[in-house]
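Reading through the C-alpha cells given below for one structure.
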Amino acid sequence: GNAGYLSRLAARRRTLRHRPEATEMRFPDVTPGGGGAAADPATPVGKADDALALAHGDDLTVESVLQSLSPTSVKSVISRAAADAVAELQSRLVAAERAQHAAEDRARAAKRAAAAADKAHDAERRRWQTHFDRVQRETELVKVKVDAVKAEHASNLRELVRRNEDLAAVGEALEREREARARCEERLRKARKIERDALEKVAASEDSLELALATNAERAAKAARRARKSAMDAASGAGGWDEAYADVKEELDALRETLQRREADAAQLARRADAAEARALAAENAALAADANALANEVKELRASQSSMAHEVAMEVTARVVEEVGGSTPTKASAAIAAPSAPGGNRDRGIDPAHHALLVGQSHRNRAEIERLTRLHDERGERLRELTEELKGERDARADAEDKARAAEATTLRLMSLNKNLLDSYQKLLDEKANDAVGQGLAEAAAAASSRRRTRRDGVSSDDDADHDGGDGGGRRRASHLPRVATLAHSRDGGGG
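The sequence shown begins at -10 in this note's numbering and counts up by one.
If you want it as C-alpha cells, here you go:
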C-alpha cells in the first residue's frame, strides 16, 4: 500500500512541477547526516528532492527513497503527505461547496426568473385571452350588426324596388292621363271647331232663311198685288186669274225647294259630323291601344331591368359584406391560441369600421332616397288629382258645349219646322184666297156683264161707278184676307193699292 501511495505521490509531484499555482508539498530533511532526526519543516520538498538527488544521484524511485529513509521519516513523510492531501481535498471541497452554493444561487435565481417569466407569460396569456374574448364578443356583436344592416339593406332594396315600381306605375298612369288629356283637348278643340262651324252655318242658314222668307214674303206680296190687280182687271173684264195663281204657286214651290235644300244640307252636315267623330274615335281608340301595348312592353322591360339591377346590387353588396366579414373574423374557435409577441401587437380588430360606416351611410342614403321618392310619389299623385279635376272640368265644359250645340241644333230644327209649317199654312191660305178671289171675280164678272147688258142702253157712267165700287170693295176684302207677312211686305214696299 505504501508503494502505491508513493508512486502516486511521485506522479503528483511531477504534475505539480508544471503547475506553479498548486500548493508545494514539503518533505522532512532525510539527508544521510541527519542521523534519522526530523528535517526542517521549512525545507521545501524540492530542496529535499535535490538533497536526495545529490545523495543517490538521479535515482528518485520510491524504493530508493524508502530505503534511504528511516521508518520514522517514512511515517512523517506519509503523515505530512496525507495532511497535505487532506488539506488540498478540504480546499477543493470548500471550493466545490462554494461553486455548488454559487450554482444553487444561480439555479434559484434562474428558477425565480423562470417563475417570474411563467407568471408574466400567464398574465400575458390571461390578458390576451381576455382581449381575444372581448374581440370575439365584439366580433359577434358586429356580426349581428352587419346581419341587421344587411337585412335592413335588403329591405331597403326591396322597398326601393317597390317604390320604383310604384313610381313607374304612377309615371305610366300620369303619362296615360296626359295622353288622354291631350286627346280630350284635341277632341274638345275639334268639337269646338265643329260647334263654331255648325253655329256659323246655322247662323248663315238662319240669315239665308230669313232673307229667303223676306224675299218670299215680298214675292208673295207682289204676287198678291198682281193677283188683286188681275182680279180687278178680271172684274173689269181685262184678264184672268191663271197667271197670278201660277206666279204664286211658282214662288211657293221655290220656297219649298229652298227649305228642302236647307234640311238636306243640315242632315248632310250632321252625317258628316257624326262620321268625322266616329273616325276620330276609331283613330283615337287604335292609337290608345297601340300606346297601351307599347307602354305595357316598356313597363315589362323596365321592371325586368330594375329587378336585375336590384339583384346585381344586392349580390354585390352581399359579396362585399361577406368578404369583409370573412377576412376580419378568426377562422376557427377551436384553433390553437398563440399569445402575441408584445402587448398591443397583432390585434384582431373584427369588422372594418370604415366598411361598417360605409354600409350605415348607404343605409341612410337609401332611406333618404326612399323618402325623396315618397315625396315625389305624393307630389305626382297630387298633380295627377289636379289633372284629373282639370280633365273632369274640361269634360263637363265639353258636355255643356255639346248640350248647347244640341240645343242650338234643336232650336234650328224647330225654327225650320215652324217656318215650313208657316209656309204650308201660307200656301194653303193663298190657295184658298186665290180660289175665293177667282170665284168672286167670276161672279162679279158675270154680274157686271149682265148689268152691262141691262144698262148698256142707259149709259156708261153708271157702269163705271159700279165697276169702281166693286173693284175697291173686292180689293179691300182680298187685301184684308192676306196673311200678316204679305201685308207687312206690301206695306214695306210702300204699295197701298
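Backbone N, C-alpha and C define an ideal beta-carbon position, used for all residues, glycine too.
Would you tell me roughly how many angstroms separate the C-alpha atoms of ALA275 and GLN257, rounded to the nearest one?
Whole-angstrom Cα-Cα distance: 27 angstroms.
Does the Cβ-Cβ distance between ALA187 and GLU398 come in under 9 angstroms?
Contact flag set, yes.
Distance, Cα to Cα, TYR513 vs LYS422?
There is no way to answer for residue 513, as the model of the chain reaches only from -10 to 486.
In angstroms, rounded to a whole number, what distance separates the CA positions of GLU433 and THR247?
Their Cα atoms are separated by approximately 37 angstroms.
Should ARG123 be labelled buried (16 or more other beta-carbon atoms within 10 Å of its own) or exposed?
ARG123 should be labelled exposed.
To the nearest angstrom, how far is the alpha carbon of ASP425 from that of MET405?
Distance between the alpha carbons of ASP425 and MET405 is about 29 angstroms.
Tell me whether the beta-carbon of LEU412 lies closer than 9 angstroms to the beta-carbon of ALA255.
Contact: no.
Secondary structure at SER59, three-state DSSP: helix, strand or coil?
Looking at SER59 - three-state DSSP - the assignment turns out to be coil, as it is neither helix nor strand.
Determine the direct distance from the alpha carbon of ALA91 to that of ASP495, and round the result to whole angstroms.
Residue 495 is absent from the model: the chain starts at -10 and stops at 486.
Where does ALA171 land, buried or exposed, given buried means 16+ other C-beta within 10 angstroms?
ALA171 comes out exposed.
Check this for me: beta carbons of ALA279 and LYS179, under 9 angstroms apart or not?
Contact: no.
Could you compute how far the alpha carbon of VAL427 sits from the alpha carbon of GLN249?
Straight-line Cα distance between these residues: approximately 30 angstroms.
Near ALA325, which residues of its chain fall below 6 angstroms by C-beta distance, leaving aside the five closest residues on each side in sequence?
Note that ALA325 scores 39 on pLDDT, short of 50, meaning its location in the model is unreliable and no value can be drawn from it.
To which residues of the same chain is VAL191 closer than 7 angstroms at the C-beta, ignoring the five residues directly before and after it?
Once the five neighbours on either side are set aside, the close Cβ partners of VAL191 are ALA397, THR401.
Applying the criterion that 16 or more other CB atoms from any shown protein chain within 10 Å of the CB defines a buried residue, is LEU82 buried or exposed?
LEU82 comes out exposed.
Using only the alpha-carbon positions, how far apart do LYS417 and GLY430 sit?
The alpha-carbon atoms of LYS417 and GLY430 are separated by roughly 19 angstroms.
Are GLU500 and ALA390 close, meaning C-beta to C-beta below 9 angstroms?
In this structure the chain extends from -10 to 486, so residue 500 is not present and cannot be described.
Buried or exposed, going by whether 16 or more other CB atoms sit within 10 Å of the CB of ASN410?
The residue is exposed, with fewer than 16 neighbouring Cβ atoms inside 10 Å.
Checking 9 angstroms against the spacing of the C-beta atoms, do LEU407 and GLU166 come in under that value?
Their beta carbons are not under 9 angstroms apart, which means LEU407 does not touch GLU166 by this criterion.
Can you give the Cα-Cα distance for GLY350 and ARG176, rounded to whole angstroms?
Cα to Cα, the separation comes out at about 52 angstroms.
Could you compute how far the alpha carbon of ASP73 sits from the alpha carbon of ALA102?
In a straight line, the C-alpha of ASP73 is about 42 angstroms away from that of ALA102.
Tell me, to the nearest whole angstrom, how far the beta carbon of GLU383 is from that of CYS173; I am working on the premise that it is less than 8 angstroms.
Contact holds; Cβ gap of about 6 angstroms.
What's the call for VAL75, buried or exposed, on a 16-neighbour Cβ count within 10 Å?
It is exposed - the Cβ of VAL75 has fewer than 16 other Cβ atoms within 10 Å.
Does the beta-carbon distance from LEU376 to LEU130 come in below 9 angstroms?
Going by C-beta atoms, LEU376 is not nearer than 9 angstroms to LEU130.
Count the other CB atoms, across all protein chains shown, that sit within 10 Å of the CB of VAL135; report buried if there are 16 or more and exposed otherwise.
Its Cβ being crowded by 16 or more others within 10 Å, VAL135 is buried.
Given ARG69, which residues of its chain have a CB within under 6 angstroms of its CB, disregarding the five upstream and five downstream residues?
There are no such residues.
Take ALA328 and list the residues in its own chain whose beta-carbon comes closer than 8 angstroms to its own, dropping the five residues that flank it on each side.
Per-residue confidence for ALA328 stands at a pLDDT of 44, beneath the threshold of 50, marking its modelled position as unreliable; the derived number appears in the next sentence. Closer than 8 angstroms at Cβ, skipping near neighbours: HIS110, GLU113, ARG114, TRP117.
Do you know how far the Cα of LEU419 is from the Cα of LYS218?
For LYS218 and LEU419, the distance between alpha carbons rounds to 15 angstroms.
Pull up the distance between the alpha-carbon of LEU156 and that of SER197, whole angstroms please.
Their backbone Cα atoms lie some 59 angstroms apart in a straight line.
Check the C-beta distance from SER194 over to ARG245 and give it rounded, since I have them as a contact under 8 angstroms.
Not really, about 16 angstroms apart at Cβ, beyond 8 angstroms.
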